[in-house]
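Under numbering that gives the first Met the number 0, the residues of the sequence shown are numbered 0 to 323, in order.
Just so you know, even glycine gets a beta-carbon here, dropped at the ideal spot from N, CA and C.
Since the structure is predicted, the reported quantities are computational estimates derived from the model, not experimental observations.
Worksheet for the structure shown next.
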Amino acid sequence: MKVHYINILLFAHALNILVITHKKNTSITHHKSTTRLLCECELYAPVNYDNDPQMKKVMQQFEDRTTQRFHEYDERMKTTRQKYKEQCDKEIHKIILKDKLEKQMAEQFVTLDTDIQSDTIPTCICEKSMADKVEKGCLKCGSILGTAMPEFGLIGGNFVYAAAVNAATKVGIAKAIEGLRDVRGLQMLLGEKIKDLVNVTNYYCKDALLKTVDNIANPICKSDEVGKKLYCTIKLGKQHIPPSTIENGIFEAADMGAAAADEAKAEALKATFTGDTFFSSPLGISLLVTVCIIIILSIIYLILRRRRKKKMKKKLQYIKLLEE
Numbered sequence: 000m001k002v003h004y005i006n007i008l009l010f011a012h013a014l015n016i017l018v019i020t021h022k023k024n025t026s027i028t029h030h031k032s033t034t035r036l037l038c039e040c041e042l043y044a045p046v047n048y049d050n051d052p053q054m055k056k057v058m059q060q061f062e063d064r065t066t067q068r069f070h071e072y073d074e075r076m077k078t079t080r081q082k083y084k085e086q087c088d089k090e091i092h093k094i095i096l097k098d099k100l101e102k103q104m105a106e107q108f109v110t111l112d113t114d115i116q117s118d119t120i121p122t123c124i125c126e127k128s129m130a131d132k133v134e135k136g137c138l139k140c141g142s143i144l145g146t147a148m149p150e151f152g153l154i155g156g157n158f159v160y161a162a163a164v165n166a167a168t169k170v171g172i173a174k175a176i177e178g179l180r181d182v183r184g185l186q187m188l189l190g191e192k193i194k195d196l197v198n199v200t201n202y203y204c205k206d207a208l209l210k211t212v213d214n215i216a217n218p219i220c221k222s223d224e225v226g227k228k229l230y231c232t233i234k235l236g237k238q239h240i241p242p243s244t245i246e247n248g249i250f251e252a253a254d255m256g257a258a259a260a261d262e263a264k265a266e267a268l269k270a271t272f273t274g275d276t277f278f279s280s281p282l283g284i285s286l287l288v289t290v291c292i293i294i295i296l297s298i299i300y301l302i303l304r305r306r307r308k309k310k311m312k313k314k315l316q317y318i319k320l321l322e323e
């Protein structure tokens, strides 16, 4: 009410004063606050400062921590000093050894004749040892045989495989021709020309063989002279035999040719790579020679390596003697 009604602010203030003075009739007693100044205390007096237990505790803690820090620093410095001392000892030892070697070398050179002419120096002719000659010769033989014999074996293996495939193809063609002879009326229609129907590209393929037969037989069936033969009548549906019989017979002939070719190829390869004939075949010979070359070169390498180790051991012993 006092905030909103600003116009009667003075009146409200006077009224409040009256109300408050009306309620509080009792007398108010004021207490004086007692304060002490720092200058009045004898805190920094010598007697109080030295005998204060808190000050004694703080001083003792400070002394303990300071002592501990000094001990830690001393331990670190001991480790560092020891490290640098060892390093300096090593360097000094190296310098002493170097001076000793230089002194010995100087004494030895003094005893030698310093008046040496270039004509008196003997010429050294480096001759290759027998081991080096054998090593290089074996490496040449190994490189020649190691590259030539596998290639020869690969060529021989390809030749054997090609021969087996050709033989199998001939067997498949013959079997396909035999199957075509069994087709109803085809032998009577074509006679010996039936051999010309089968070749390398269609003896195993049903659709290709059927297309070849149709291309040759259909023009013949259209002529009036042979139009009444059995094959043509079956093909035109004038017999009680369904036309699909001819197609099935041609398909069977192609299957017979493919099966016979696969079987003949498998038998030819099996006969070529049997245990009795393997080592007489070019592939078997090449493999055998390659294995022998690897064994021989391994033996030679181990022998030469052992000799080199002995030579290096002698050189190291000689160097140690010179250093001593």
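Throw me the rounded Cβ distance for the residue i and residue j pair, which I believe falls under 8 angstroms.
| i | j | result |
| --- | --- | --- |
| V212 | I172 | Their Cβ separation, rounded to whole angstroms, is 15 angstroms, which puts V212 and I172 out of contact at 8 angstroms. |
| G184 | K228 | 6 angstroms |
| K174 | M255 | 5 angstroms |
| Y203 | A257 | 4 angstroms |
| V199 | T244 | So it is not a contact: roughly 27 angstroms between Cβ atoms. |
For residue i and residue j, what's the separation of their Cα atoms in angstroms?
| i | j | result |
| --- | --- | --- |
| N165 | N217 | 32 angstroms |
| A263 | R306 | 57 angstroms |
| L315 | K309 | 10 angstroms |
| I284 | C220 | 58 angstroms |
| I240 | K192 | 24 angstroms |
| Q81 | K312 | 39 angstroms |
| L303 | I294 | 14 angstroms |
| K210 | N201 | 10 angstroms |
| D63 | T79 | 25 angstroms |
| H92 | E74 | 27 angstroms |
| T232 | Q186 | 14 angstroms |
| Y300 | L286 | 21 angstroms |
| E71 | L96 | 38 angstroms |
| K319 | I298 | 32 angstroms |
| P52 | T65 | 20 angstroms |
| L296 | V290 | 10 angstroms |
| Q86 | K77 | 14 angstroms |
When the distance is taken between beta carbons, is residue j closer than 7 angstroms to residue i?
| i | j | result |
| --- | --- | --- |
| E259 | V182 | According to the sequence provided, residue 259 is Ala. The question's Glu does not apply to it. No. |
| P242 | G236 | yes |
If you compare alpha carbons, which of the options is closest to residue i?
| i | options | result |
| --- | --- | --- |
| A207 | K310, Y72, E246, K308 | E246 |
| A161 | K56, A265, K55, I294 | A265 |
| F250 | R180, R80, I219 | R180 |
| I176 | K84, A252, E101, L286 | A252 |
| N214 | L189, Q81, S297, I233 | L189 |
| D261 | N50, A163, L100, Y230 | A163 |
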